[in-house]
Ligand SMILES: [Zn+2]
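Residue numbers (UniProt numbering): 1 to 395.
This is the structure:
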């Protein structure tokens, strides 16, 4: 197979190297100017190189990118937003293939090369959102890899028929089944979790549960999720998304929940929103509880915010958690990239031999400088293909 060599780049700010790519993979990484170039050559110009970003929590089916501005409305509660979305989405034509393609292109332009996307599955749209997202993914010819989580945005037990839809989605290739505030939305946490875990066990898929409920109610549901994960053997396949309650609890309770999450292999996805309590990220790191960063929906009927740049989400995480030292700032960038490998079922995601050739070049002094400035992505290679040059999409 023909090789393509990306010369003179600085992975994570280290000494310059040449990266030799073979097909979709990194073949070797050698000191700069030592690669025997036997194919195409790309000059990296001494830029900072990072692995492609991994968006661990997106909503590709309903991010309203590339479309006219939609004014934000509805009550600022989970149920208020669901009601607002139900009232407006059909009139806007959501899910919409062109906005799904546009937002995925914007992710790619910012260097995101792998995405975990929740996609609404409910009695109104059925599985159509999944088809729309798959169409958008296909438009980029496999450059960006997308895992789909079938997401019951409007509840599970309170909407008879949704469990069957989730089961069908899991049978048809969704890699995980989602859930939503089992206590406050369904008002029957045991039934929702039993239903979801039943599908996950039967279909061999993962679970990723949106949990907005705070305080003791949220903590109670985290305990239920951990308990079922331990009993079902779904170790390493269950994620809590948001899980605001964890940040709100007293330190001793946080610690016991973090230890229990570690034992059950439960991971966490966060978009690090302002005005939420910081997560006990040090304890999570030290116990091996994976944290993934995501954009959530962008400019959708839930929120007017977001621009698809995961580096800016990492900056938001750093600011929310008061990160200051070089090591801490680098950690935030690692959460957006190499530490998130497991969220998209990769054993390794980094600038090393054997990894998928997902590489982002930025004109930055080092990782910390890249984080605080979020400069444009000069070059993005996804699966060995150049997809962004001089900050613009070339695909
Ligand atoms: Zn979400």
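Even for Gly, the Cβ is constructed at its ideal location relative to N, Cα and C.
Bear in mind that the values here come from a model prediction, so they are computed numbers and not experimental data.
Using three-state DSSP, classify residue i as helix, strand or coil.
i, result
"residue 394", "coil"
"residue 127", "coil"
"residue 365", "coil"
"residue 148", "strand"
"residue 322", "coil"
"residue 209", "strand"
"residue 48", "strand"
"residue 112", "strand"
"residue 96", "coil"
"residue 79", "helix"
"residue 197", "helix"
"residue 255", "helix"
"residue 230", "helix"
"residue 389", "strand"
"residue 140", "coil"
"residue 269", "strand"
"residue 288", "coil"
"residue 350", "coil"
"residue 274", "coil"
"residue 70", "coil"
"residue 183", "coil"
"residue 101", "helix"
"residue 59", "coil"
"residue 167", "helix"
"residue 382", "strand"
"residue 293", "strand"
"residue 313", "helix"
"residue 298", "coil"
"residue 84", "helix"
"residue 340", "helix"
"residue 190", "helix"
"residue 38", "coil"
"residue 307", "coil"
"residue 247", "helix"
For residue i, write down the residues that DSSP places opposite it in a beta bridge.
i, result
"residue 1", "DSSP, once it has assigned bridges, lists no residue as partnering residue 1."
"residue 31", "17"
"residue 7", "43"
"residue 356", "25"
"residue 53", "112"
"residue 377", "362"
"residue 329", "Paired residues: none, contrary to the question."
"residue 176", "149 and 206"
"residue 120", "151"
"residue 239", "208 and 267"
Taking just the CA atoms, how far does residue j sit from residue i?
i, j, result
"residue 385", "residue 316", "30 Å"
"residue 180", "residue 156", "8 Å"
"residue 85", "residue 147", "23 Å"
"residue 107", "residue 133", "14 Å"
"residue 111", "residue 377", "7 Å"
"residue 126", "residue 324", "46 Å"
"residue 201", "residue 263", "19 Å"
"residue 80", "residue 203", "33 Å"
"residue 236", "residue 116", "16 Å"
"residue 291", "residue 92", "34 Å"
"residue 94", "residue 15", "47 Å"
"residue 299", "residue 165", "27 Å"
"residue 379", "residue 361", "5 Å"
"residue 206", "residue 227", "15 Å"
"residue 240", "residue 218", "11 Å"
"residue 307", "residue 143", "20 Å"
"residue 342", "residue 348", "8 Å"
"residue 45", "residue 186", "55 Å"
"residue 40", "residue 83", "53 Å"
Assign residue i to one of two classes, buried (16 or more other C-beta atoms within 10 Å of its C-beta) or exposed (fewer than that).
i, result
"residue 189", "buried"
"residue 345", "exposed"
"residue 265", "buried"
"residue 356", "buried"
"residue 326", "exposed"
"residue 33", "exposed"
"residue 215", "exposed"
"residue 62", "buried"
"residue 372", "exposed"
"residue 152", "buried"
"residue 223", "exposed"
"residue 334", "buried"
"residue 42", "buried"
"residue 21", "buried"
"residue 4", "buried"
"residue 101", "buried"
"residue 329", "buried"
"residue 1", "exposed"
"residue 275", "exposed"
Relative to ligand 3, is the shortest distance from any of its heavy atoms to the C-beta of residue i smaller than 7 Å?
i, result
"residue 212", "In terms of ligand content, the structure shown lacks ligand 3 and carries ligand 1 instead."
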